[in-house]
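> Have a look at the structure that comes next, please.
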Amino acid sequence: MFLPPNVTSLIQPMDQGIIQNLKMIYRKNFMRRLINADGTLTEFQSSFTIKDAIYGLASSWNAVKPRTLRRGWRKLLFVTHFCSDSSDDEEFEGFRCKKSELTDIMEALKNGCTKNLSLTQLEMPEIEIWMNVDKNIPVTETLTEEELIRKMIALEEETNDISSESDDEKSSEKKISWGEAEKSLSTFLQFCEKNAQYSAHEVMELHLIKERFMKKRELSFKQTDIRNVFRRMCGATAEAQSKEK
1 MFLPPNVTSL IQPMDQGIIQ NLKMIYRKNF MRRLINADGT LTEFQSSFTI KDAIYGLASS
61 WNAVKPRTLR RGWRKLLFVT HFCSDSSDDE EFEGFRCKKS ELTDIMEALK NGCTKNLSLT
121 QLEMPEIEIW MNVDKNIPVT ETLTEEELIR KMIALEEETN DISSESDDEK SSEKKISWGE
181 AEKSLSTFLQ FCEKNAQYSA HEVMELHLIK ERFMKKRELS FKQTDIRNVF RRMCGATAEA
241 QSKEK
């Protein structure tokens with residue numbers, strides 16, 4: 001079905017800058033993480049996982065302003081609440097990278113907070129191109145039956161490879177104990193308490209997180225004790241039955 005181009009803003013509200021705004025925030029946070037990472041670019045690339053990307057995307061979505069969402073949906077939902085702070089000729093945040101955000105990234109690069117010299121040589125136009133790299137990429141594609149079949153076969157093979165790789169990763173991952181986690185959390189808390197970059201409110205939130213951590217650790221030990229009791233009971237029952245025989 002083909003629709004006139006002027007109805008896009010009515011039937012695709014998320015395309016009205018909301019997705020672009022989300023991508024911009026994600027890339028800015030990704031660049032900040034890359035800048036502050038220890039080690040080489042290759043080491044960062046190998047350590048950055050799909051889980052990191054998912055959490056980064058969720059964090060970026062939480063950073064999208066409610067005003068941006070209202071302006072994207074205002075033409076589809078004819079409600080005063082969605083139209084109170086918008087006008088027809090208004091451009092909202094997210095269509096283009098703001099110069100201030102690009103400047104922040106450039107200052108972080110030039111101030112030497114990265115050990116990767118190749119990053120310090122990046123210029124403003126290069127950062128802006130990267131931030132908008134997929135702006136004009138087509139979102140639709142017409143495939144023939146043969147192409148669809150090839151894609152489905154390739155997708156099944158790729159899924160099998162990914163599942164086998166994930167199994168290998170799970171088997172090789174080191175399980176972190178409660179004691180190790182508590183030590184790391186305490187170290188991070190001490191760092192924040194002595195660092196002027198963290199406010200008293202943020203430090204208090206970390207203390208609350210540590211309290212919840214200790215409660216969960218205690219609950220975990222209780223569950224472990226209960227399981228051990230059941231194991232001993234089952235073992236004693238089995239031993240008694242074997243003696244009766």
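Position 194 of the sequence shown, counting from 1, maps to 194 under the UniProt record's numbering, and the rest follow consecutively. Note that CB positions come from ideal geometry on N, CA and C, so glycine has one too.
In the DSSP assignment, find the unbroken alpha helix (DSSP H) run with R33 in it and report its ends.
Within the sequence shown, residue 33 is the residue found at index 33, counting from 1. Where R33 is concerned, the enclosing alpha helix (DSSP H) stretches over I18 to I35.
> For K21, tell me which candidate among R33, S59 and A154 has the shortest Cα-Cα distance.
Taking the sequence shown and counting its residues from 1, one reaches residue 21 at position 21. Before going further, note that residue 21 is Asn rather than Lys in the sequence given. When only C-alpha atoms are compared, the closest one is S59.
> Can you tell which of E218, M106, L208 and L148 has the C-alpha that lies nearest to the C-alpha of I35?
As a position in the sequence shown, residue 35 is number 35, starting the count at 1. Checked all of E218, M106, L208 and L148; the closest Cα to I35 is M106.
> So K183 is in the alpha helix (DSSP H); what residue range does that whole segment cover?
Working through the sequence shown from its first residue, we reach residue 183 at position 183. W178 to E193 is the extent of the alpha helix (DSSP H) around K183.
> Leaving out five residues on either side along the sequence, give the residues of the same chain with a beta carbon under 8 Å from the beta carbon of I18.
Reading the sequence shown from its first residue, position 18 is the one you call residue 18. Answer for I18: V64, T68, L69, G72 and G94, listed in chain order.
> For F30, I'd like the list of residues in its chain whose CB is within less than 7 Å of its CB, leaving aside the five on either flank, ordered along the chain.
Indexing the sequence shown from 1 puts residue 30 at position 30. G56.
> Could you tell me the boundaries of the alpha helix (DSSP H) in which N62 lies?
As a working mapping, residue 62 is identified with position 62 in the sequence shown. Segment I50 to A63, the alpha helix (DSSP H) holding N62.
> Once the 5 residues before and after R150 are set aside, which same chain residues still bring their CB inside 7 Å of it?
On the sequence shown, position 150 is the one that residue 150 refers to. Closer than 7 Å at Cβ, skipping near neighbours: no residue.
> Suppose the cutoff is 7 Å on Cβ atoms and the five residues either side in sequence are ignored; what does the same chain contact list for E123 look like?
As a working mapping, residue 123 is identified with position 123 in the sequence shown. Excluding positions up to five away in sequence, the list is empty.
> Quick one: grab the DSSP three-state call for G39.
For the purposes of this step, residue 39 is taken as residue 39 along the sequence shown, with counting starting at 1. DSSP places G39 in coil when its eight states are reduced to three.
> T49 to E43, Cα distance in whole Å?
The count along the sequence shown starts at 1 and reaches residue 49 at position 49. The count along the sequence shown starts at 1 and reaches residue 43 at position 43. The straight-line gap from Cα to Cα measures roughly 12 Å.
> Apply the 10 Å Cβ neighbour rule to I176 and answer buried if 16 or more other Cβ atoms are within range, or exposed otherwise.
By one-based count along the sequence shown, residue 176 stands at place 176. It is exposed - the Cβ of I176 has fewer than 16 other Cβ atoms within 10 Å.
> Looking only at its own chain, which residues have a Cβ that is under 8 Å from the Cβ of L102, when we skip the five neighbours before and after it?
Here the question's residue 102 lines up with position 102 in the sequence shown. Only M124, I127, E128 and M131 meet the Cβ criterion.
> Using the three-state DSSP reduction, which class does K174 fall into: helix, strand or coil?
Here residue 174 refers to the residue found at position 174 of the sequence shown. Here K174 sits in coil by DSSP.
> Tell me the rounded alpha-carbon separation between A196 and W61.
Residue numbering aside, residue 196 sits at position 196 when the sequence shown is read from its first letter. Residue numbering aside, residue 61 sits at position 61 when the sequence shown is read from its first letter. The alpha-carbon atoms of A196 and W61 are separated by roughly 28 Å.
> Just the C-alpha distance for K194 and K174, rounded to the nearest angstrom, thanks.
As a first step, residue 194 is located in the sequence shown; it is residue number 194 there, counting from the start. As a first step, residue 174 is located in the sequence shown; it is residue number 174 there, counting from the start. If I take the Cα positions, the gap works out to 31 Å.
> Enumerate in chain order the residues of its own chain whose CB-to-CB distance from S186 is below 8 Å, with the five nearest sequence positions on each side excluded.
On the sequence shown, position 186 is the one that residue 186 refers to. K210.
> So, helix, strand or coil for V133, using DSSP?
Here residue 133 corresponds to residue number 133 of the sequence shown, with the count starting at 1. The answer is coil: DSSP assigns V133 none of H, G, I, E or B.
> Please classify M24 as buried or exposed, where buried requires at least 16 neighbouring CB atoms within 10 angstroms.
Here residue 24 corresponds to residue number 24 of the sequence shown, with the count starting at 1. Answer is buried; the Cβ neighbour count reaches 16.
> Just the C-alpha distance for F221 and E182, rounded to the nearest angstrom, thanks.
Here the question's residue 221 lines up with position 221 in the sequence shown. Here the question's residue 182 lines up with position 182 in the sequence shown. Using only the alpha carbons, I get a separation of about 14 Å.
> Are F188 and L206 touching if we call contact CB-CB under 9 Å?
Translated into positions along the sequence shown, residue 188 becomes position 188. Translated into positions along the sequence shown, residue 206 becomes position 206. Yes, they are a contact pair.
> For the alpha helix (DSSP H) holding T68, just list the boundary residues, first then last.
By one-based count along the sequence shown, residue 68 stands at place 68. Where T68 is concerned, the enclosing alpha helix (DSSP H) stretches over P66 to W73.
> Put A196 into one of helix, strand or coil per three-state DSSP.
Position 196 of the sequence shown, counting from 1, holds the residue named residue 196. A196: coil per DSSP, three-state reduction.
> Label L109 either buried or exposed according to how many other C-beta atoms from any shown protein chain fall within 10 Å of its C-beta, with 16 as the threshold for buried.
Taking the first residue of the sequence shown as position 1, residue 109 is located at position 109. With 16 or more other Cβ atoms inside 10 Å of its own Cβ, L109 counts as buried.
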